[in-house]
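The structure appears right after this line, and notes come after that.
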Amino acid sequence: MRKNGKTRETVLSMAGTLAAIGIGCAVFVPERFRAHAWLLIIGICMVFLWELWKEKQTRRTERERERTMQIVDLEPDYKNLFAQQLQLRVQEKLRVKFPEATVALGEKEIMCIAERKKAAYIPVQQAGEYCHISIALSEMGEIHMNLFSLVNFESIQGTKNLMENKKQDIEQWFTQKGQQLLTELITNMNSRGYSKLSINENGDVTVKENGRNVRKDHFHEIPPKESWARLRELMMDEDVQVKVSGRQLTFAW
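Heads up: the sequence shown begins at 11 in this note's numbering, then just goes up one per residue.
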């Protein structure tokens, strides 16, 4: 508004000056020179209008340039803010399970996640057996994450053989001493008036008393959790009901 007012004042001032010059020419300039004087005045007016138009165009160009620069400068800030918030939220969720885990989100992955319909697959460090994570953003802004571990195709057969070996190991353990140890434990707890017991993954033997798990003994020969399914089958043959739930083996008789 200030510039428009200043321009208007300049135009009015110039118009007043030209009017005064015109009156002066009509009064003081001899008639034979008046045509030349008017041409000179018209030329001055044209030059003035030309300069005025150029100044107006320059101002308009500067305003457009400033507006464009503001847009360009603001856009990366929003991207950086989104990237930082996403990085923090992913890191926070990941470290609930793996306190030392780290994941690096690049601009390419962030743009992929921002589309919401695509998941980004990123390497992750210090996340136990997992080496990759998929990150996706729902329409409600919720982060969905999945962890993956890569397995060499050539090692699949070796893994199958290892599982067979573990199966044989648990059967051998059960035949040689596991059956006797478990039978002694169940007999002991039965003599104390219990009909059910649970063995935790760490070997603690617990029973239910007044709705609470109470530790009563410790089983030093608890097999690995991977073998519990086979152990359950073996114990079922002994007329003992076995249930695998989370980190517990529950025996009922």
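Glycine is no exception: its CB is placed at the ideal position from the N, C-alpha and C atoms.
Note that the structure is a prediction, hence the values are computed from the model and not measured.
query                                                                                                                                                      : result
In whole angstroms, give me the CA-to-CA distance for R202 and D179.                                                                                       : 32 angstroms
Rank H142, E41, A129 and S159 by C-alpha distance to the C-alpha of E152 and give the top, closest one.                                                    : A129
Can you check the segment 228-252 for any beta strand (DSSP E) of at least 3 residues that lies completely inside it and give the ranges in chain order?   : none
Are there 16 or more other CB atoms within 10 angstroms of the CB of I188, so buried, or fewer, so exposed?                                                : The displayed chain sequence assigns Gly, not Ile, to residue 188. Classification for G188: buried.
E219: which of K206, Q97 and G53 sits nearest, CA to CA?                                                                                                   : K206
So for Y9, helix, strand or coil by DSSP?                                                                                                                  : Nothing about residue 9 can be reported from this structure: the residues present for the chain run from 11 to 263 only.
In three-state DSSP terms, what is N212?                                                                                                                   : coil
Among R42, A262 and Q95, whose alpha-carbon lies nearest the alpha-carbon of V217?                                                                         : A262
By how many angstroms is the C-alpha of K107 removed from the C-alpha of L172?                                                                             : Here the model assigns L172 a pLDDT of 43, short of 50, so the residue's position is not dependable, and the following value carries that caveat. Roughly 28 angstroms between the two C-alpha positions.
For the alpha helix (DSSP H) containing M155, list its first residue and its last residue.                                                                 : Where M155 is concerned, there is no enclosing alpha helix (DSSP H), although the beta strand (DSSP E) it sits in stretches over I153 to F158.
List the endpoints of the continuous alpha helix (DSSP H) containing A124.                                                                                 : E117 to A124
If you count every other CB in all the chains shown that lies within 10 Å of the CB of A45, and 16 or more means buried, which is it?                      : exposed
What does the Cβ neighbour count give for C122, buried or exposed, with the cut at 16 atoms within 10 Å?                                                   : buried
Excluding five sequence neighbours on each side, which residues of the same chain lie with their C-beta closer than 6 angstroms to the C-beta of A146?     : A129 and H154
State buried or exposed for L59, treating a residue as buried only when at least 16 other CB atoms are found within 10 Å of its CB.                        : exposed
Expressed to the nearest angstrom, what Euclidean distance is found between the alpha-carbon atoms of Q95 and R70?                                         : 38 angstroms
Which class does T261 belong to by DSSP, given the choice of helix, strand or coil?                                                                        : Looking at the sequence itself, residue 261 is Phe, so the reference to Thr does not match. Strand.
What does the alpha-carbon distance come out to for the pair M245 and N90?                                                                                 : 59 angstroms
Would you mind working out which of I132, K118, G138 and E119 sits nearest A111, comparing C-alpha positions?                                              : G138
Can you list, in chain order, the residues of its chain whose CB lies under 8 angstroms from that of V134, leaving out five sequence neighbours each side? : L104, A111, T112, V113, Y140, C141, H142, I143 and L157
Identify the continuous beta strand (DSSP E) that holds Q186 and give its terminal residues.                                                               : Segment: none, Q186 is in no beta strand (DSSP E) and carries neither H nor E.
S231 and L191 look like a contact to me (Cβ under 8 angstroms); what is the Cβ gap, rounded to whole Å?                                                    : First, the amino acid is wrong: residue 231 is Glu here, not Ser. About 5 angstroms; that satisfies the 8 angstroms criterion.
Quick one: is E119 buried, meaning 16 or more other Cβ sit within 10 Å of its Cβ, or exposed?                                                              : buried
Whole angstroms are fine: how far does the CA of G53 sit from the CA of E65?                                                                               : 18 angstroms
With H, G and I counted as helix, E and B as strand and the rest as coil, what does DSSP make of S23?                                                      : helix
Between which residues of its own chain and N200 is the CB-CB distance below 8 angstroms, once the five residues before and five after are set aside?      : W263
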